[in-house]
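Residue numbers (the working numbering), protein chains in the order written: chain A, 1 to 289; chain B, 1001 to 1236; chain C, 2001 to 2325.
Report on the following structure.
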Amino acid sequence: MNLVNAVVQGVLLGGLYALLAAGLSLIFGVMRLVNLAHGAFAVTAAYGSLTLVQHLGWHPLMTLAVVVPVFAAAGFGLQRGVLTRAATRGPLTPLLVTFGLAVIVESLLLTGFSADSRTLPTGQLSVASVRLTGTVSVGVLPLLTFAVGVVAVLGLQWFLFRTPAGRLMRATSDDREAARIVGADDRRVFATATAIALGLVAVAGVFIGMRGTFAPSSGAGVLLFAFETVVIGGLGSLWGTLAGGVLLGVAQLLGAAIDPAAGVLAGHVVFLVVLAVRPEGLFPKAVIA
Amino acid sequence: MTLLRLDDLNVHYGDFHALRGISLSIDEGETVAVIGANGAGKSTLLRTIAGLNAATSGEISYRGQPVDRLPAHRRVALGISLTPEGRRLFPSLTVEENLLTGAARSRPGPWSLRAVYDLFPLVEERRNRIAARLSGGEQQAVAIGRSLMSNPALLLLDEVSLGLAPVVVDQVYAALPKVVASGTTVLLVEQDVHRATAVAGRLHCLLAGRTALQGAVDSVRYEQIVAAYFGQAEAA
Amino acid sequence: MRASRTTPFSRVSAVVLGVLVAVLAYAPYAVSRGTQTQLVLLFCYVLMGTMWNLLAGYGGMVSVGQQAYIGIGSYGLVTIADQMGVPAVLAVPLAGVAAGAVAWVTSFLVFRLAGGYFAIGTWVVAEVLRLVFTQVDGLGAGAGVSVGAYGDLGPAYRIAVVYWLALATTVLSVFGVYLLMRSRTGLGLTAVRDDPVAASSLGVGVAGAKRLVYVAAAVGCGMAGALIASNTLRVQPESAFSINYTAVMMFVVVIGGIGAIEGPILGAVLYFLLERELSHFGAWYLVLLGIVVVAFTLVLPKGLWGLVAGPRRQVFPVGLTVMRS
């Protein structure tokens, strides 16, 4: 049955959106900074993986071992070098800076890789599937993506609420100056948060590349889906993020099942309806961090 | 032995000259009270020692080493801990989490969760409550506890009694002798001269950013303190 | 001593501006059609930059979705002029009104989001409109539609009419923003931007003023969209709702100077020249624009106009200056 299949696939897609949203949400939760370059970074990670696949013949999953640390390090540097300066200049500055970064990144990808759509070759993984019922079967890759999304959200939750470093991150988010007097190096904490967020973005980007196609201009859509996931789920609630991702994924694939051109639009409409009816999100929580 | 020494310290907020040539020396084990009216520069003094404000000139040395260039979090690791004005707990964290953040750069010493709970039994009852939901007195106790968790050698207490009912202030101050007994040197800011003289061995009175009077509590007369506090001519 | 709105600098500037507008108005008699078409684009940059400055510089709202109103304005022109038969001269302002109406409705949604999330929310709205217009067969769906409104005019006359329309719309809009910022509402907004806490304690009504600014900016962008469509004679969803319009607005405002009426005018001229000289570098040109936005934001947040301006050096004096008489 087509609709059941769409729902199942949508739920699995939701794991990917939750993964994307977790990074956006972490940066916002800790630094009150909205990173408009979030989508562009994810796409860059996919291109990074593609480069390794092409030159070294690696499987895209193997490239995670390189791409993720590189992105985490870049995130650390970005926070220390650019965003710290931007964050002290009022609310407009980070938006202008991250939008500018998105333009720079997208244009650089355009010069390096052309505007053509690409995909990451996954070999056997792309055709392997598990049969759930007589008519519904799910691919191993979508299942793996979903699992990675869930693990990432759980892991982030565990880090923030069960480890001393996570506790200090939440404390710094609450009151930066007070964090300094308990011995937190606030700039280092922020840089660590950005590093984690970009690591998550890198994972998401590679899975985006494995599941479908990407082009330098794909960043905008990725940013919007991540953002819609955050808002639908409720700002700052990690469990909500997972639910928001699932709802968005289901809406998109149900919409696409009805009319192939209407998938993305259906997702946007669900977002707008949630915003109109329940602006605090479906699973509101005071703070992530 | 001298623990903290301030030498001709000047601090500016933009054009405003908040501290003017403050010199002060505190020995290990002492309790010193900084008194003065609103805006005299008391909080600025503690914040500068803690590393939250930068001095424009002058020197801060701790155990004989200059610490002026160290950021606040490094000073915590050396044993300087500020309990700031307004408590400044982390509102979304629980009481126990707030205390645990205080141990982020903990040195070896007598203070632990257990010891803080023994000092403030009420705090233990509230351990799983979100800090934002505490009363002012409870928050103050947690804030002091959070400072103690780092096992400070020098505890900077800023306006402990601000906004609290007198009976609550009594409870908070009742804990102070135990803190001092554990070997901690205390520099506290207090507007209430009677409370300051009751707990401190020495007084340092600020008036408009300048030292108006300093000395052992039993060596200064009450009229002198009042004069220094309000800046009357015979303060000298 | 007396308080005065005008200064010697502003009075001289007013005269210079008046002469400049008169010269520009005469241009169709003197310059080629190609140049006129180029200048229409410049006027649109001034108009769009002014609107984005109104939003971000005065209203404190960073919108990444102003292309929504460019698109509505473009399609509005086609609907109102071609399909309803209204003369183009009227259709341009009416397309602006249509964009304003859409903005008024969407404001109730996007105003539920604060700060950075507001920015992305406006982008979603623009994407929704783009996707919807891609589905409307009566407007050419994804392939787009040609503008026929000026069909009965000869090419030379059409270009001149569009030119004058663009000049008039831009001059009146800039002046309109100037009057708005001088008004009680405008001064209230400036107060909110500079110190939200103090302003709210003075009883400045923030929400209403912000909605007014959001709608006004959409009207301006809608008219810009109608003028762009009049200039290119083709409307297509991908380009009419392109994020690039917002990127241009942001660039124009950031290099010119945010929070000053003069800023986007200066920025638009600079952007216009840069585009002429460098756009053949393609993606590298965009990299440069991005770097300039980041660098200006961090190093020169008041833009180039900020280097020139002072309390007595304002072309458009919004507040009062104390003068020695």
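Using N, Cα and C, we set each Cβ at its ideal position, and we do this for glycine too.
message = Distance check for Asn1010 (chain B) and Pro1152 (chain B), CA to CA, integer angstroms please.
response = The residue labelled residue 1152 (chain B) in the question sits at position 152 within the second sequence. The residue labelled residue 1010 (chain B) in the question sits at position 10 within the second sequence. Take the alpha-carbon of Pro1152 (chain B) and the one of Asn1010 (chain B): they are about 25 Å apart.
ask   = Counting contacts by CB-CB distance shorter than 8 Å, is Ser1092 (chain B) in contact with chain A?
value = Your numbering for residue 1092 (chain B) matches position 92 in the second sequence. At least one chain A Cβ lies under 8 Å of Ser1092 (chain B).
For Ala1033 (chain B), the first and last residue of its enclosing beta strand (DSSP E) = The residue labelled residue 1033 (chain B) in the question sits at position 33 within the second sequence. From DSSP, the beta strand (DSSP E) with Ala1033 (chain B) extends over Thr1031 to Gly1036.
key: Segment contact flag, the region 268-278 of chain A with the region 1159-1178 of chain B, C-beta cutoff 8 Å, min 3 pairs   = The answer is no - the region 1159-1178 of chain B does not touch the region 268-278 of chain A, with fewer than three Cβ pairs under 8 Å.
ask   = Which chain C residues are close to Pro291 (chain A), counting only those with a beta carbon under 7 Å from its beta carbon?
value = Nothing in the structure corresponds to residue 291 (chain A), since chain A is present only between 1 and 289.
task = Could you say which of A:Ile258, A:Ala261 and A:Arg211 lies nearest to Gly123 (chain A) if we only look at CA atoms?
result = Against the first sequence, residue 123 (chain A) aligns to sequence position 123. Checking every option, the nearest Cα to that of Gly123 (chain A) belongs to A:Arg211.
Residue nearest to Phe2043 (chain C) in terms of C-alpha spacing, selected from C:Tyr2163, C:Ala2247 and C:Ile2261 = Position 43 of the third sequence, counted from the first residue, corresponds to residue 2043 (chain C). Nearest option by C-alpha distance: C:Tyr2163.
query = How would you label Ser237 (chain A), buried or exposed, when you count the other beta carbons within 10 angstroms and need 16 or more for buried?
reply = The sequence position of residue 237 (chain A) within the first sequence is 237, counting from 1. So Ser237 (chain A) counts as buried.
message = Only counting the same chain, and skipping five residues up and downstream in sequence, which positions put a Cβ closer than 6 Å to that of Thr213 (chain A)?
response = Position 213 of the first sequence holds residue 213 (chain A). Around Thr213 (chain A): Ser117 and Thr119.
message = Please state whether the Cβ-Cβ distance between Ala12 (chain A) and Pro142 (chain A) is less than 8 Å.
response = The count along the first sequence starts at 1 and reaches residue 12 (chain A) at position 12. The count along the first sequence starts at 1 and reaches residue 142 (chain A) at position 142. Looking at the sequence shown, residue 12 (chain A) is not Ala but Leu. Yes, the pair counts as a contact, with Cβ atoms nearer than the cut-off.
inquiry  = Below 7 Å on C-beta distance, what does Leu1046 (chain B) contact in chain A?
reply    = Stepping through the second sequence from its first residue, residue 1046 (chain B) is reached at position 46. Those within 7 Å of Leu1046 (chain B) in chain A number zero; the least Cβ separation is about 10 Å.
query = Taking Cβ to Cβ, would you say Met2250 (chain C) is nearer than 8 Å to Phe99 (chain A)?
reply = Taking the third sequence and counting its residues from 1, the one referred to as residue 2250 (chain C) is at position 250. Taking the first sequence and counting its residues from 1, the one referred to as residue 99 (chain A) is at position 99. At a Cβ-Cβ threshold of 8 Å, Met2250 (chain C) and Phe99 (chain A) count as neighbours.
request  = At 7 Å on the CB atoms, spell out the chain B contacts of Gly183 (chain A), in chain order.
outcome  = Residue numbering aside, residue 183 (chain A) sits at position 183 when the first sequence is read from its first letter. Simply His1073, Val1076, Ala1077, Ala1104, Arg1105 and Ser1150.
key: Sheet register partners of Phe214 (chain A) (DSSP bridge)   = In the first sequence, counting from the first residue as 1, residue 214 (chain A) sits at position 214. Phe214 (chain A) pairs with A:Arg118.
key: Bounding residues of the beta strand (DSSP E) (the contiguous stretch that carries Ile1080 (chain B))   = Here residue 1080 (chain B) refers to the residue found at position 80 when the second sequence is read from its first residue. Counting along the chain, the unbroken beta strand (DSSP E) around Ile1080 (chain B) starts and ends at Ile1080 to Thr1083.
ask   = Taking buried to mean at least 16 other C-beta atoms within 10 Å of its own C-beta, is Gly133 (chain A) buried or exposed?
value = Position 133 of the first sequence, counted from the first residue, corresponds to residue 133 (chain A). Going by the sequence as given, residue 133 (chain A) is Thr instead of Gly. So Thr133 (chain A) ends up on the exposed side.
request  = List the residues of chain B whose Cβ lies closer than 9 Å to the Cβ of Glu228 (chain A), in chain order.
outcome  = As a first step, residue 228 (chain A) must be located in the first sequence, where it is residue number 228. Per Cβ cutoff of 9 Å: no residues; Glu228 (chain A) is ~25 Å from chain B at best.
query = Of all the residues that make up the region 139-166 of chain A, which are near chain B by a beta-carbon distance shorter than 8 Å?
reply = Of all residues in the region 139-166 of chain A, those with a C-beta nearer than 8 Å to a C-beta of chain B are Pro164, reading in chain order.
ask   = Distance, Cα to Cα, Gly2018 (chain C) vs Arg2011 (chain C)?
value = Position 18 of the third sequence holds residue 2018 (chain C). Position 11 of the third sequence holds residue 2011 (chain C). Take the alpha-carbon of Gly2018 (chain C) and the one of Arg2011 (chain C): they are about 11 Å apart.
ask   = Ala204 (chain A) and Leu20 (chain A): beta carbons closer than 8 Å?
value = Here the question's residue 204 (chain A) lines up with position 204 in the first sequence. Here the question's residue 20 (chain A) lines up with position 20 in the first sequence. Going by C-beta atoms, Ala204 (chain A) is nearer than 8 Å to Leu20 (chain A).
message = Comparing C-alpha positions only, which one of B:Val1199, B:Leu1078, B:Gly1029 and B:His1073 sits nearest to Gln1065 (chain B)?
response = Here residue 1065 (chain B) is taken as the residue at index 65 of the second sequence, counted from 1. Among B:Val1199, B:Leu1078, B:Gly1029 and B:His1073, the Cα nearest to that of Gln1065 (chain B) belongs to B:Leu1078.
ask   = Using a Cβ cut-off of 9 Å, which residues of the region 25-46 of chain A contact any Cβ in chain C, in chain order?
value = So the list reads Phe28, Arg32, Leu33, Val34, Asn35 and Leu36, given in the order they occur along the chain.
inquiry  = Quick check on the DSSP output: the alpha helix (DSSP H) that includes Tyr2157 (chain C) runs from which residue to which?
reply    = As a working mapping, residue 2157 (chain C) is identified with position 157 in the third sequence. It spans Pro2155 to Arg2182 - the alpha helix (DSSP H) in which Tyr2157 (chain C) sits, taken as one unbroken run.
key: Close beta carbons around Leu223 (chain A), own chain, < 7 Å, minus the five adjacent residues each side   = By one-based count along the first sequence, residue 223 (chain A) stands at place 223. Leu36, His38 and Gly39.
query = How many angstroms separate the CA atom of Ala1040 (chain B) from the CA atom of Ala1208 (chain B)?
reply = Here residue 1040 (chain B) is taken as the residue at index 40 of the second sequence, counted from 1. Here residue 1208 (chain B) is taken as the residue at index 208 of the second sequence, counted from 1. Rounded to the nearest angstrom, the two C-alpha atoms are 4 Å apart.
request  = Using 10 angstroms around the beta-carbon of Thr1056 (chain B), count the other beta-carbons present and answer buried if the total reaches 16, otherwise exposed.
outcome  = Counting from 1 along the second sequence, the entry for residue 1056 (chain B) is found at position 56. Exposed: under 16 other Cβ atoms inside 10 Å.
Same chain only: Cβ atoms within 6 Å of Gly139 (chain A), ignoring 5 sequence neighbours per side = Position 139 of the first sequence, counting from 1, holds the residue named residue 139 (chain A). Shown here for Gly139 (chain A): same chain residues with a beta carbon closer than 6 Å to its own, the five before and five after excluded, namely Ser129 in chain order.
key: Inside the region 94-151 of chain A only - alpha helix (DSSP H) runs reaching at least 4 residues   = Restricted to the region 94-151 of chain A, not a single alpha helix (DSSP H) segment is unbroken, complete and at least 4 residues in length.
inquiry  = So for Gly305 (chain A), helix, strand or coil by DSSP?
reply    = No answer is possible for residue 305 (chain A): it lies beyond the span of chain A, which begins at 1 and ends at 289.
inquiry  = Can you check which of these residues, C:Phe2241, C:Ala2014, C:Glu2277 and C:Ala2216, is closest to Val2097 (chain C) by C-alpha distance?
reply    = Along the third sequence, one-based indexing puts residue 2097 (chain C) at 97. Checking every option, the nearest Cα to that of Val2097 (chain C) belongs to C:Ala2216.
task = Below 7 Å between beta carbons is the criterion; list the residues of the region 110-124 of chain A that meet it against any residue of chain B, in chain order.
result = Cβ contacts with chain B come from no residue of the region 110-124 of chain A.
query = Excluding sequence positions up to five away, which residues of its chain have a Cβ less than 7 Å from the Cβ of Gln1140 (chain B)?
reply = Here the question's residue 1140 (chain B) lines up with position 140 in the second sequence. Arg1087, Val1160, Leu1164 and Val1172, listed in sequence order.
key: Cβ neighbours of Leu2165 (chain C) in the same chain (closer than 8 Å, five flanking residues each side left out)   = Taking the first residue of the third sequence as 1, we reach residue 2165 (chain C) at position 165. Exclusion of the five residues before and after Leu2165 (chain C) leaves Ala2088, Val2089, Val2092, Leu2227 and Ser2230 as the residues of its chain whose Cβ lies within less than 8 Å of its Cβ.
query = So which residues of chain B does Asp174 (chain A) contact, with C-beta pairs closer than 8 Å?
reply = For the purposes of this step, residue 174 (chain A) is identified with residue 174 of the first sequence, where counting begins at 1. The contacting residues are Phe1090, Pro1091, Ser1092 and Leu1093.
query = Rounded to whole angstroms, how far is the Cβ of Thr63 (chain A) from the Cβ of Val53 (chain A), which I believe are closer than 8 Å?
reply = Counting from one through the first sequence, the residue named residue 63 (chain A) turns up at place 63. Counting from one through the first sequence, the residue named residue 53 (chain A) turns up at place 53. Under the criterion of beta carbons closer than 8 Å, Thr63 (chain A) and Val53 (chain A) qualify as touching, at roughly 6 Å.
task = Just mark Thr299 (chain A) as buried or exposed, buried being the case when its beta carbon has 16 or more other beta carbons within 10 Å.
result = Residue 299 (chain A) lies beyond the range of chain A shown here (1 to 289); nothing can be said about it.
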